[in-house]
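Chemist: Take a look at this one; I'll ask things after.
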Amino acid sequence: MWRYGRKGRDNAMNNKKVLNAVQLIELNHEKVTNAVRLIEWCLKTFGERVTLATCFDAEGMVLLDLISQLPEKPRVFTLDTGRLPPETYELWEQAQSRYGIPIEGYSPKAEEVEDMVKNHGINLFYDSPEKRKLCCAVRKVNPLRRAMAGVDAWITGLRRGQSTFRAVVKPISAADKEGRTKVCPLADWSADDVWDYIKAKNVPYNRLHDEGYPSIGCAPCTRATGAGEHMRAGRWWWESDNMKECGLHV
Ligand code: SF4
Numbered sequence: 255m256w257r258y259g260r261k262g263r264d265n266a267m268n269n270k271k272v273l274n275a276v277q278l279i280e281l282n283h284e285k286v287t288n289a290v291r292l293i294e295w296c297l298k299t300f301g302e303r304v305t306l307a308t309c310f311d312a313e314g315m316v317l318l319d320l321i322s323q324l325p326e327k328p329r330v331f332t333l334d335t336g337r338l339p340p341e342t343y344e345l346w347e348q349a350q351s352r353y354g355i356p357i358e359g360y361s362p363k364a365e366e367v368e369d370m371v372k373n374h375g376i377n378l379f380y381d382s383p384e385k386r387k388l389c390c391a392v393r394k395v396n397p398l399r400r401a402m403a404g405v406d407a408w409i410t411g412l413r414r415g416q417s418t419f420r421a422v423v424k425p426i427s428a429a430d431k432e433g434r435t436k437v438c439p440l441a442d443w444s445a446d447d448v449w450d451y452i453k454a455k456n457v458p459y460n461r462l463h464d465e466g467y468p469s470i471g472c473a474p475c476t477r478a479t480g481a482g483e484h485m486r487a488g489r490w491w492w493e494s495d496n497m498k499e500c501g502l503h504v
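At the far end of the sequence shown sits residue 504, using my numbering, and the numbering has no gaps.
So this is what it looks like as structure tokens:
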């Protein structure tokens, strides 16, 4: 069961034995240990050429909490598309102050955004999948390229349970055509594992999760989901194509 909202989580907690923080950590001990080991391996193997990408989703917050406990930390960055919801910017600030880890923001190039808006309008993404992909390219994929310059490995919060497309996610993927290794320490975590960790460690999370948003991206391209909907159903919901990805992990 996906327990993303306060209501859903509270109901779930009422229906099962309530575990205290120590028991929860013990329950997930192996997964937490494996995730930490993988991050440490990554730091040892790639040194300063490793980075952690976060969009402040629940998984990204777990990763930030995990690295905050390590003596060596990877560089951390996020993509600031300019269209994120205010709740995500609030969480960015909260995370920065709680963990004291610098979080670099990569924004799209002003001239690329200006050209795109001039030619296609500010909300072009609703017009066609091609225009939506153009916007994702300008606001996400191109800044990602700059963020990844000189990087040999990146750590992300992808999990196999997030979507059919992500069902093949491995903890360590073979290097891509740019020679970059993707490391997913939470690949085999379930949504419950993620939320159990957040609850047990009192990790800050995006307030929108309590309003029915299991997956959060840019404000105009994300809506809350209803009962029984898949967790990524609220992303680009007007598109029939069920490959709900922006191009960052394709
Ligand atoms: S998610 Fe929407 S607003 Fe954000 S970059 Fe993609 S199309 Fe543009």
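Ideal placement from N, C-alpha and C gives every residue a C-beta, glycine not left out.
These numbers were taken from a predicted model, which means no experiment stands behind them.
Excluding the 5 residues flanking C296 on each side, which residues of the same chain have their C-beta closer than 7 Å to its C-beta?
Modeler: V304, A407, I409 and V437
Chemist: Rounded to the nearest angstrom, what separates D319 and E347 at their Cα positions?
Modeler: 15 Å
Chemist: With burial defined as no fewer than 16 other Cβ atoms inside 10 Å of the residue's Cβ, what is the status of N456: buried or exposed?
Modeler: exposed
Chemist: Taking its Cβ as the centre, do 16 or more other Cβ atoms sit within 10 Å of H283, making it buried, or is it exposed?
Modeler: exposed
Chemist: Please report the residue range of the alpha helix (DSSP H) in which V330 lies.
Modeler: Not the alpha helix (DSSP H): V330 falls in the beta strand (DSSP E), residues R329 to L333.
Chemist: For the stretch 338-354 against the stretch 312-329, do three or more pairs of beta-carbon atoms, one drawn from each stretch, fall closer than 8 Å, so that the two count as touching?
Modeler: yes
Chemist: When DSSP builds the beta bridges, which residues end up paired with R489?
Modeler: T476
Chemist: To the nearest angstrom, how far is it from the Cα of R291 to the Cα of K424?
Modeler: 15 Å
Chemist: Where L462 and C309 are concerned, what is the direct C-alpha to C-alpha distance, given to the nearest angstrom?
Modeler: So the two alpha carbons sit approximately 13 Å from each other.
Chemist: Shortest alpha-carbon distance to M370 belongs to which of R393, S444 and T479?
Modeler: R393
Chemist: Name the one or two DSSP bridge partners that T418 has.
Modeler: Paired residue(s): none; T418 is not in a bridge.
Chemist: With a 10 Å radius around its C-beta and 16 neighbouring C-beta atoms as the bar for buried, classify L324 as buried or exposed.
Modeler: exposed
Chemist: For a quick check, are the C-beta atoms of C361 and P397 less than 8 Å apart?
Modeler: One point to set straight first is that residue 361 is Ser, not Cys, in the sequence displayed. Going by C-beta atoms, S361 is nearer than 8 Å to P397.
Chemist: With burial defined as no fewer than 16 other Cβ atoms inside 10 Å of the residue's Cβ, what is the status of G411: buried or exposed?
Modeler: Buried is the label assigned to G411, since at least 16 other Cβ atoms lie within 10 Å of its Cβ.
Chemist: Exposed or buried, D422, counting other C-beta atoms within 10 Å across all chains shown (16 or more means buried)?
Modeler: Reading the sequence as shown, one finds Val at residue 422 and not Asp. So V422 counts as exposed.
Chemist: So what's G466 in DSSP terms, helix, strand or just coil?
Modeler: Three-state DSSP puts G466 in coil, outside helix and strand.
Chemist: Measure how close the beta-carbons of I470 and D311 come, nearest whole angstrom, since I'm counting them as under 8 Å.
Modeler: About 6 Å; that satisfies the 8 Å criterion.
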